[in-house]
Amino acid sequence: MRTRVVVTASGKHALQVVSKRSGVVKVHKHIGTYGNDSEKAVLYQKAQGFIQKYTGQVSFTDYLTSPSLADVIVTQSRPLFAYELLSRCYDKLGFARYPDPLIKDLVIARLYHPASKRELHEYIYESLGRHYALRTIYRHIKQSLKTGIKERFQESLIAFARRGLGDTLQLVFYDVTTLYFDSQVKTTLKDFGFSKDHRSADTQIVIGLVVNKQGFPLYFDVFSGKTFEGHTLVKVIENIQTLLQTPELIVVADAALLSQDNIDRLIAKGVKFIVGARLANLSLSLIDQIHTRLNKQDNNIAVFTYRGQRLICQYSEKRAAKDRSDRIRQIERAKTVIDNPTRIMGRYRFVKKAEGLKYLINTKLIDKAEKLEGVKGYITNTTLDTQTVIDRYHDLWHIENSFRITKSDLEARPIFHRLDETIKAHMVLVFAGLAISKYIEQSTGMSIKKVLQYSSRILTHTIINTKTGEKIDKETTIENPHLKQVIERLRAVGH
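In this text, residue positions in the sequence shown follow the numbering used here: the first is 852, and each later residue adds one.
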């Protein structure tokens, strides 16, 4: 809304409150007519009162002595609305237990403007007016790890999950991912290994992450890039068990983390688990039993005893269709390379070596794959009913979503740090950013990306009257009703 002056038939001036949409002017209220400056001032005050009452708009010229727009300049526009939102969430999660404002600014800047530390220090100065020398930033990052920032952040998140989310933390989810470096120089942490980012030519680190049933992060650890992911499980579970102090802890993990050694060690520690089963490693006799019991009936469930644990198997027609398609494609590849053995450069699923330079189709492996089509297995030592076990395992998608946020929205990769201590400290900042992201998503029902898109619409503008030298800070006025409603919801987050 805005004011408009029109000349009346009597020669006086009428003041109206109007708005314009699609080229059509709508008159919301006729304020009155005036014939001199004093009457004009009174009517303008009434008009601004009307606009403020119905839209929340305030004209910045009300704050300045001179109402002439020609005397007004905007010198700076800063994302303070977004900063205050993220700052409230940072404090809400208990991160203020580590009282370093520079670290807080780095975490918030990574959420709003993920970039290298060199770019972040420029962004913090331009957007927040706080100047940190690059050397100061790196010094604080190194010191933070030595003064226990990782431990304090994790303890804060565990306390918040119990207090703020009402979670008993008897059920946690664990998985690993890899983050690569634009470097081929190895260190204790940076090393070559199996890359989930498909960057085998680059060094990497392995990240283990523990979240609750809502995907809220509780704990993370960093391992050398050459570490086999199955070797991370027991160490992480020992650490999270100590932090949680939960007697009846249930851990849900992916099949890639399964080994008999891991299972035995978890049982010895009194930890309950639900893990994916590697069905292809089972004996042929057990595979035949699974195939017979499930009988290719959609959603059919069969339970077996395997090495003292429950093995739960379920058949899915949708999964079977995909497995069948994969099997047929692999068979065609096998036939092609057998006809052209000089093209064999690596391993092919259904190809086996014969005498001399000959290769044959592995019919036994094809038969096994056909019997397992559509079957998913779960191994557990819990007393939970079969459907609950299956449902809890499928909740692992929450941790996959956390990895997606970490890698895409927070741009945790590639990593440019050289020293092991700064690499670990960098991951602490990313971990804190992930926790804030998940908290905002759960509080608003919107992705962090969408929340930041809305927040970026609200800037704080520094307005100066060039004649009088007066200066004020004014937030962007939002007229769109839907956007206003969203912004008001965001103002409440973190309180």
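Using N, Cα and C, we set each Cβ at its ideal position, and we do this for glycine too.
Task: Candidates PHE901, ARG990, ILE1000 and LEU971: closest to PRO950 by CA position - done: ILE1000
Task: Simplified DSSP assignment, three categories, for ARG1200 - done: coil
Open item on the list: Considering just the uninterrupted stretch of the beta strand (DSSP E) at PHE1011, what are its terminal residues?
Closed with: Run containing PHE1011: none in the beta strand (DSSP E); it sits in the alpha helix (DSSP H), 1000–1014.
- [ ] Output the distance between the C-alpha atoms of ARG1200 and LEU936, rounded to the nearest integer angstrom.
- [x] 52 Å
TODO: For VAL1302, decide whether its Cβ has a neighbour in chain D, counting only Cβ atoms nearer than 9 Å.
DONE: Any reference to chain D falls outside this structure, which holds one protein chain only.
TODO: Go through its chain and collect everything with a Cβ distance to ASP956's Cβ below 8 Å, but skip five positions before and after it.
DONE: Counting only Cβ-Cβ distances below 8 Å, and skipping sequence neighbours, we find ILE975, LEU979, ARG981 and TYR983.
TODO: Run through the segment 1121–1205 for me and flag every whole beta strand (DSSP E) of 3 or more residues, listed as ranges in chain order.
DONE: You should have 1123–1127, 1152–1157, 1160–1166 and 1202–1204.
Task: Where the beta strand (DSSP E) containing GLU1326 begins and where it ends - done: DSSP places GLU1326 in the uninterrupted beta strand (DSSP E) bounded by 1322–1326.
TODO: Taking 9 Å as the cut-off, decide whether the C-beta atoms of VAL1073 and ARG1116 are in contact.
DONE: With respect to ARG1116, VAL1073 sits apart: the two C-beta atoms are not nearer than 9 Å.
Task: Extent of the continuous beta strand (DSSP E) run through LYS863 - done: Note, LYS863: premise wrong, no beta strand (DSSP E); not H, not E.
Task: Contact belief for ILE1125 with THR1231 at Cβ below 8 Å, rounded distance in angstroms - done: Between ILE1125 and THR1231 the beta-carbon gap is near 5 Å, inside 8 Å, which marks them as a contact.
- [ ] Taking only the alpha-carbon atoms, compute the straight-line gap between GLU1292 and LEU1211 and give it to the nearest angstrom.
- [x] 53 Å
TODO: With DSSP collapsed to three states, give me the class of PRO952.
DONE: helix
TODO: Output the boundary residues of the beta strand (DSSP E) element that contains ARG1050.
DONE: From DSSP, ARG1050 is part of no beta strand (DSSP E); its letter is neither H nor E.
TODO: Let me know the secondary structure DSSP gives GLN1021 once reduced to three states.
DONE: Assignment of GLN1021 by DSSP, reduced to helix, strand and coil, places it in the coil class.
Open item on the list: Which runs of the alpha helix (DSSP H) at least 4 residues long sit entirely within the segment 1074–1111? Give them in chain order.
Closed with: Correct list: 1084–1095.
Task: Coil, strand or helix - PRO930 by DSSP - done: The DSSP-derived three-state label of PRO930 is coil.
- [ ] Have a look at THR1039 and ASP1271 and give me their C-alpha separation to the nearest angstrom.
- [x] 7 Å
TODO: Name the residue from THR1237, ALA921 and LEU1094 whose alpha carbon lies nearest to the alpha carbon of LEU1008.
DONE: LEU1094
- [ ] Have a look at ASP1218 and GLN1148 and give me their C-alpha separation to the nearest angstrom.
- [x] Those two C-alpha atoms are separated by around 19 Å.
Open item on the list: Beta-carbon within less than 6 Å of LYS891's beta-carbon, same chain only, minus the 5 sequence neighbours each way: which residues are those?
Closed with: TYR885
Open item on the list: Spatial neighbours of LEU1022 within its chain, please: C-beta separation below 6 Å, excluding the five flanking residues on both sides.
Closed with: Closer than 6 Å at the Cβ level, and outside the excluded window around LEU1022, lie LYS1064 and ILE1101.
Open item on the list: Taking a contact to mean a Cβ-Cβ separation below 9 Å, would you say ILE1358 touches LYS993 in this structure?
Closed with: Residue 1358 is absent from the structure shown; the chain starts at 852 and stops at 1346.
TODO: Taking only the alpha-carbon atoms, compute the straight-line gap between PHE1282 and ILE1114 and give it to the nearest angstrom.
DONE: 28 Å
Open item on the list: For ASN1331, list the residues DSSP reports as bridge partners.
Closed with: According to DSSP, ASN1331 bridges with nothing at all.
- [ ] Name, in chain order, the residues that DSSP records as bridge partners for LYS880.
- [x] VAL868
Open item on the list: Out of ILE1058, ASP1053, THR998 and GLN1005, which one is the CA nearest neighbour of VAL1027?
Closed with: ILE1058
Open item on the list: Could you check whether ILE1299 and LEU962 sit closer than 9 Å to each other, using their CB atoms as the reference points?
Closed with: yes
TODO: Return the first residue and the last residue of the alpha helix (DSSP H) that GLY1284 is part of.
DONE: Start and end: 1271–1295.
TODO: Assuming ARG939 contacts ARG1003 (C-beta within less than 8 Å), just tell me the rounded distance between them.
DONE: Between ARG1003 and ARG939 the Cβ distance is about 19 Å, and since that is not below 8 Å, they are no contact.
- [ ] Determine the contact status of ALA1128 and TYR1157, defining contact as a CB-CB distance below 9 Å.
- [x] yes
Task: Terminal residues of the alpha helix (DSSP H) in which VAL1240 lies - done: 1237–1245
Open item on the list: Please tell me whether VAL923 and ASN1316 are closer than 9 Å, where the distance is taken between their beta carbons.
Closed with: yes
TODO: Measure the alpha-carbon distance for LEU971 versus THR1328 and round it to whole angstroms.
DONE: 28 Å
TODO: Kindly give me the distance between the Cβ atoms of ILE1323 and ILE1309, rounded to whole angstroms, as I take these residues to be in contact under 8 Å.
DONE: Not confirmed; about 16 Å, so no contact.
Task: Nearest residue (CA-CA) to ALA1010, options ARG969, THR1097 and GLY883 - done: Checking every option, the nearest Cα to that of ALA1010 belongs to THR1097.
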